[in-house]
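Going down the list, the sequences are from chains A and B.
Count along the first sequence from 1, then add 24; that gives the number in the working numbering.
Count along the second sequence from 1, then add 6; that gives the number in the working numbering.
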Amino acid sequence: MIAEAGLGALWLAAALSLLQLVLGAAGARAGGEALRPLVRPIAIAQGLLAGLAFLFLIWLFLRTDLSVELVARNSHSMKPWLYKFAGAWGNHEGSMLLWVTVLAVAGGAVALFERRLPSATLTATLAAQALIGLGFYAFLLFASNPFNRLSPVPPEGNGLNPLLQDPGLAFHPPTLYFGYVGISIAFSFAVGALVTRDVGPAFARAMRPWVLGAWIFLTLGITAGSYWAYYELGWGGWWFWDPVENASLMPWLAATALLHSVTVLATRDGLRAWTVMLAVVAFSMSMIGTFLVRSGILTSVHAFAVDPRRGAFILVLLLLYIGGALALYALRVGTVKEGSRFDFVSREGALVANNLLLSAALGVVFVGTIYPLAVEAATGEKLSVGPPYFNSAVGPIALLLVVIMAAGPLLRWRRDAARALVGRIALPVLISAAAALAVVLLAPGTRILPFLGLVLALGVAAASVAPLWKRNLRRTPLFTYGMVVAHLGIAVALAGMACESAFTTETLVAASPGQIVSAGPFAVRFEGVEPVAGPNWTAVEARLHATRGGSSYEMRPQARMFSAPPTPTSEAAIETVIDGQLYVALGEADQQGRWQLRLWWKPMVTLIWLGGAMIALGGFLSLLGRLLRERRGAVREALA
Amino acid sequence: MKRLILWVPLGLFVAFLAVVAAGLYAPAEREIHSALIGQPVPEFSLAAGAAGKPGLSSADLRQGRPHLVNVFASWCLPCRVEAPQLAALSARGVPIVGIAVRDRPEDLARFLASYGNPFQAIGSDSDRRSRARSAPAGVPETFVVDGQGIIRHQHIGAITDGDMAAILAAYEAAR
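Here is the structure:
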């Protein structure tokens, strides 16, 4: 009955989204005022029902109800409960249900909490959100039903892809989806504001917390995903330019640009049309990403199912939603009045430069991701675009971007003197110059991109805290701290990436028991291997004893064999020390009884994810600061 | 003019849709029966790409034994995807030789250590010299070459489980 209840909740939610669309569309018109109060509760109920359907699916997975096709195909009774739970979204149908649930819950949250938008715009926004939801409900119900029953019931399930059997699965996809799909709110706000011709500072102030919230989740999700891939895939890399990674990076780039342009719109009433465009683009990138991943049109470690009919279904949804929004934009944005003007050397000018560079990076990643498809469509040739393209194309743009990021917050709004900036930026420039000298002397032969990355990271770190210079720290608003922390996070992550790229040392050896191998500053003694077993796997585990100076560490990398489905995986052993990580993966044995070991010493690599977490924390402080200020404003108004 | 610019995003999006729709409905058939089949392999001689394995030349492919020639690269993601299938083919006794395209020795060593090394020989085509001659469509790409060096079968893209039967059949026929 659980599966039927879940399916029922899903159908009801779909029906409510249709109602929300019809009432919302009618209510947003002049004369439809009477309908508007109905739309909010419907949106909330729709969010609750979708959430309920998702809980039913989790329940089915926890019970390992093998009469449900999805559970039988992707789960196994012997799996630890955490992976039964998280396995609910480790497959195509389940992840699409999570997608729709986040969409509906985000719409419900807007209905529940949004109090600033004029009622017509809010109603149009909720109608737009319902329109998106409706298409994806149809996709689930007609092309990817997660609640399908199976007859006869198989005695055991197929199990979950072992690469996904990791605590990361419980955390990474939901976080990412909250960001990925949460940005749909910005899209719906933009459509709502275009429909009611209501693009202005008030609209931007209303939209900002939602964009910020989604962006925080997206940042956390990408950071967590990067660390997960780093330790789970055993490749020792932290970013692979896999199409699916790109699919999450592209909305992040667009959302980051949007975050900054929405500030210009809210504070200075500039960049009206551009902000609306970015809001449309950000969620369009999420939908395109979903399409690229879920249609199986690109080869990727994330692609669960390859089914062209599903791809065609999502393609039609893309045509309707993105095509519709862009057509609306073209028709309506001409009526949006030009915002206020500003000088090139100004805070706005720097933010425009930031937006252009982020858009350029977005374009580069987008082209690289779909280039193989385009070439295949045009000439029939099949090829793949790898890290060499992305690193050399995105790297310089990113470095230019951090330079702008260093200078922007030190500029005044509307108009500033270039000479004044020179004075404010002098210290960071000096720090960068000193860093450049130090790197040249201490590590000659460092490649140009890591070199620039390292040098800029230090200067930018200094520049990011400069906005606090000579200010009363207790009276500085929380969102200014948020900006400082986030920008500092970028510098920290950049330093980590540059160090990892420039100074990683790698050792590949066939080691006999007792042999000592050196890896960076460590001496690692290989003690031998022993068999170990887990609930649904067996493994060969190596015992390693790593020493540096007076401290020593035990490391136990495994070569695992999962029983259902039978798949080998490599479980790397990672030792985190203050200045980096020692990363060891166990390979195969040869005829002489030697074991293949791969050891990496990755100095400062943890800064990459620490920086990512700081960026998200900065976003959170900023969001908190905005909400607190609003609360205070509301209290003051009430008192007055 | 200003008005027209507003339609540019929509135009770009429609172009994108056209591309992916073409990709989606392109023949799912990944075998391409190109003019290469029945042709002798072009002349090439490539230096060894990995320590411990010999290089590869076209003469090696005319020694009387059929071979599977796999064109790959460490920077190519689909090549990682097809590694288990190549290992399975190798385990079944199919001799596999590799051509690594535009690769660096250290990247190649890392790739082979990570994804297995089913290759009996690896030629390093660092500047894609043989590409111009043998004209592989891209990486990965796999050929069945018979004992006289004649191309008998061509597979474009990663080898999936579903492609194994056709490749094994072509190999058996070439023996």
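Cβ atoms here follow ideal geometry from the backbone N, Cα and C, with glycine treated the same way.
Glycine 48 (chain A) has its alpha-carbon roughly 18 Å from the corresponding atom of phenylalanine 227 (chain A). At the C-beta level, valine 300 (chain A) and tyrosine 353 (chain A) come within 8 Å of one another.
The criterion of a C-beta distance shorter than 8 Å is satisfied by glycine 432 (chain A) and arginine 371 (chain A). Contact between the stretch 123-137 of chain A and the stretch 63-74 of chain A is present: three or more C-beta pairs spanning the two stretches fall below 8 Å. As DSSP reads the structure, threonine 600 (chain A) sits in a beta bridge with A:Gln605. Under the 8 Å criterion on CB atoms, glycine 104 (chain B) is classed as non-interfacial with respect to chain A. Put simply, the CB of glycine 70 (chain B) is far from chain A, with every gap to its CB atoms at 8 Å or more. Contact between the stretch 258-278 of chain A and the stretch 236-243 of chain A is present: 3 or more CB-CB pairs across the two stretches fall below 8 Å. The stretch 103-114 of chain A and the stretch 25-42 of chain A do not touch, with fewer than three beta-carbon pairs separated by less than 8 Å.
Inter-residue distance for arginine 108 (chain B) and valine 95 (chain A) is about 43 Å (C-alpha atoms, whole angstroms).
With distances taken between CA atoms, leucine 375 (chain A) lies nearest to A:Ala281 out of A:Gly118, A:Ala281, A:Ile455. When Cβ-Cβ separations below 8 Å define contact, leucine 16 (chain B) makes contact with chain A. Isoleucine 514 (chain A) and proline 420 (chain A) have their C-alpha atoms roughly 15 Å apart. With respect to alanine 517 (chain A), isoleucine 428 (chain A) sits apart: the two C-beta atoms are not nearer than 8 Å. Neighbours of proline 412 (chain A) across chain B, judged by C-beta separation under 7 Å: Trp81. Looking at A:Gly617, A:Ala214, A:Lys626, A:Pro468, the one whose alpha-carbon comes closest to that of valine 305 (chain A) is A:Ala214. Methionine 301 (chain A) belongs to the set of residues whose beta carbon lies under 8 Å from a beta carbon in chain B. Contact holds between the stretch 90-101 of chain B and the stretch 67-78 of chain B, because three or more Cβ pairs, one in each stretch, are under 8 Å apart.
Taking glycine 51 (chain A) as the centre and dropping the five residues before and after it, the same chain places the C-beta of Leu59, Arg60, Val63, Thr147 closer than 7 Å to its C-beta, in chain order. Only those residues of the stretch 364-397 of chain A whose C-beta falls short of 7 Å from the nearest C-beta of chain B are listed: Ile394, Leu397. Contacts with chain B at 8 Å (Cβ-Cβ) include leucine 350 (chain A).
Taking C-beta separations shorter than 6 Å and ignoring five residues to either side along the sequence, the partners of serine 64 (chain B) in its chain run Val47, Glu49, Phe50, following chain order. Leaving aside the five residues that flank leucine 445 (chain A) on each side, the residues in its chain whose CB is nearer than 8 Å to its CB run, in chain order, Val369, Ala431, Leu434, Leu435. Partner residues in the beta bridge of tryptophan 625 (chain A), as assigned by DSSP, are A:Thr529, A:Leu606. Residue-level contact check: arginine 110 (chain B) does not touch chain A, since none of the beta carbons of chain A fall below 8 Å from its beta carbon. Here DSSP, grouped into helix, strand and coil, assigns leucine 62 (chain B) to strand.
For leucine 623 (chain A) and threonine 531 (chain A), the gap between their C-alpha atoms comes out near 5 Å. Between glycine 520 (chain A) and threonine 630 (chain A) a beta carbon distance of about 7 Å is seen, short of the 8 Å cut, so the two are scored as contacting. Where glycine 104 (chain B) is concerned, the enclosing beta strand (DSSP E) starts and stops at 102-107. Here DSSP, grouped into helix, strand and coil, assigns tryptophan 561 (chain A) to strand. The alpha helix (DSSP H) runs lying completely inside the stretch 135-185 of chain A and spanning 4 residues or more are 143-167, given in chain order. Taking a Cβ-Cβ cut-off of 8 Å, the neighbours of glycine 29 (chain B) in chain A comprise Ile321, Leu397, Glu400, Ala401, given in sequence order. DSSP, reduced to helix, strand and coil, places histidine 284 (chain A) within a helical segment of the structure shown. Annotation note: the stretch 244-272 of chain A contains no uninterrupted alpha helix (DSSP H) run of length 4 or greater. The alpha-carbon separation between tyrosine 395 (chain A) and serine 272 (chain A) amounts to approximately 17 Å. Within chain A, the residues placing a beta-carbon under 8 Å from that of alanine 115 (chain B) are Leu532, ordered along the chain.
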